[in-house]
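Everything below concerns the one structure shown next.
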Amino acid sequence: MKTRLRKWRLISLFAIMTLILAGCGEAKLSALKPAGEVAQKQFDLMVLSTLIMVVVIIVVVILFVIAIVRFRRKDGDDSIPKQVEGSHKLEVIWTTIPILLLIIMAIPVVTYTFELADTSAMEVKDKDGKTKDAVVINVRANLYWWEFEYPDYGIFTSQDLVVPTDEKVYFNLKASDVKHSFWVPAAGGKMDTNVDGVNQMYLVFDSKKSNEAQNLFYGKCAELCGPSHALMDFKVVTKSKDDFNSWVTSMQTVAKEPKVAEGELAKQGQEIFNKSCIGCHAVSTSGNGAGMGPNLSNFGERERIAGFLDHTEENLKKWIKNPDDYKPGNTMAGKYGKLTDEQIDALAEYLLNLKVEGSKHID
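For the record, in the sequence shown the residue sitting at position 274 is 274 according to full-length UniProt numbering, with numbers rising by one throughout.
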């Protein structure tokens, strides 16, 4: 008896914890608070399928209760109830209803599948060979960071994806090492990035929902890719069309005139960077360096260090000193040799002043 009570207590405890944990999370990282056209359509499908399942469960439970109450064996009654076999009416009913439910589900699923797979706008080019009336971003997933190229504007960036609101943003998705998966939960479903072949998709970020989220959403790798898979995050910064165009202009300006370090300490840091880091990282928005590490051209404006650490000078120094303590298996560890604390201070000063728009990151 005591053992049963303990089991029921555990079951009750787990049920309560499930309800509590179901309320955890942020709007920036929730697929249940859609922030655009794609996410809204996918959310509508989830609601529709959930409603159908709930209705089926309710009907089955009602029939089950009726059967138990109405046809239960009464005391002293040992007679065998009338046996019903081969009822064509019942067979038609329980065959037709599931077919109808599947049709109800199939129509929007098939419709949305073809709509969301339509990336034909990416193929429409102007006379200069640029995509006409569409923003295209090439996404490359790496262990354990993200690179974003805007081919029509000739600029590269990493970790912070900047997109315009209220229009379709198209993506070419590829991986450089192992399979990853590109996912912005609030904006739409995930899609794999493969080493061979390019997958394509589009997302839409609603301006009103973006304002509610302070123009910042979270992206994740949704495919197990190694020991630091859970830390392979990126941020999505949304801007109005005019602000996005201003950002592009600023990035293109830096591409032509790379930022020069100001201050004695920052200049020392730039010298250290040119000796130890530039083989993997670029500080110009026009290129991705050796492609081995994130582009750092606007590092001082980014939302996180290494994709997940708070953007502070202290965290940056810790990351430079021993990145493997924070992201096991990352490809940065051991590449640049041992730096002294003074060299790390100078390098951090230089990196934190790498800004394109002169704005500060959002905490």
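We treat Cβ as the ideally placed atom computed from N, Cα and C, and that holds for glycine.
- Message: At the level of alpha carbons, what is the spacing between residue 71 and residue 81?
- Response: For the purposes of this step, residue 71 is identified with residue 71 of the sequence shown, where counting begins at 1. For the purposes of this step, residue 81 is identified with residue 81 of the sequence shown, where counting begins at 1. Cα-Cα distance, rounded: 8 Å.
- Quickly, what does DSSP pair residue 172 with across the bridge? List them, please. Locating residue 172 in the sequence shown gives position 172, where the first residue counts as 1. DSSP output for residue 172 lists 138, 200 as bridge partner(s).
- Which residue spans inside the region 186-271 form an unbroken beta strand (DSSP E) run of at least 3? 188-193, 199-204, 216-221, 233-239
- Query: Helix, strand or coil for residue 303 per DSSP?
  - Reply: In the sequence shown, the residue the question calls residue 303 occupies position 303. Of the three classes helix, strand and coil, the one that applies to residue 303 here is coil, per DSSP.
- Message: Tell me which residues share the same chain as residue 300 and place their Cβ nearer than 6 Å to its Cβ, disregarding the 5 neighbours each side in the sequence.
- Response: Walking along the sequence shown from the start, residue 300 turns up at place 300. Same-chain partners within the cutoff: 352, 353, 354, 355.
- Query: Taking the alpha-carbon positions, what's the residue 348 to residue 40 distance?
  - Reply: By one-based count along the sequence shown, residue 348 stands at place 348. By one-based count along the sequence shown, residue 40 stands at place 40. Each residue's Cα considered, the two are about 41 Å apart.
- Do residue 261 and residue 286 come within 8 Å of each other at the CB atom, strictly closer than that value? Stepping through the sequence shown from its first residue, residue 286 is reached at position 286. Stepping through the sequence shown from its first residue, residue 261 is reached at position 261. Cβ distance not < 8 Å, so residue 286 and residue 261 don't count as in contact.
- Message: Quick check on this structure: which residue in 275, 339, 238 has the alpha carbon closest to the alpha carbon of residue 317?
- Response: Working through the sequence shown from its first residue, we reach residue 317 at position 317. In terms of Cα proximity to residue 317, the closest of 275, 339, 238 is 339.
- Query: Taking all protein chains shown into account, do 16 or more other C-beta atoms lie within 10 angstroms of the C-beta of residue 206, making it buried, or fewer, making it exposed?
  - Reply: Here residue 206 corresponds to residue number 206 of the sequence shown, with the count starting at 1. Flag for residue 206 reads buried.
- Query: Between the region 121-138 and the region 161-175, are three or more C-beta pairs nearer than 8 Å?
  - Reply: yes
- Message: Taking 6 Å as the limit between beta carbons, can you name the residues of its chain near residue 360, skipping five residues before and five after?
- Response: For the purposes of this step, residue 360 is identified with residue 360 of the sequence shown, where counting begins at 1. Legend: pLDDT at residue 360 = 45, less than 50; position of this residue unreliable, value from coordinates given subsequently. Cβ within range, chain order: n/a, list empty.
- Item | Local conformation of residue 107 per DSSP, three classes | Residue mapping note: residue 107 aligns to position 107 of the sequence shown, counting from 1. If DSSP states are grouped into helix, strand and coil, residue 107 belongs with the helices.
- Below 8 Å between beta carbons: does that hold for residue 217 and residue 35? Taking the sequence shown and counting its residues from 1, the one referred to as residue 217 is at position 217. Taking the sequence shown and counting its residues from 1, the one referred to as residue 35 is at position 35. Yes, these two residues count as a Cβ contact at 8 Å.
- Pull up the distance between the alpha-carbon of residue 117 and that of residue 110, whole angstroms please. Taking the sequence shown and counting its residues from 1, the one referred to as residue 117 is at position 117. Taking the sequence shown and counting its residues from 1, the one referred to as residue 110 is at position 110. Residue 110 has its alpha-carbon roughly 11 Å from the corresponding atom of residue 117.
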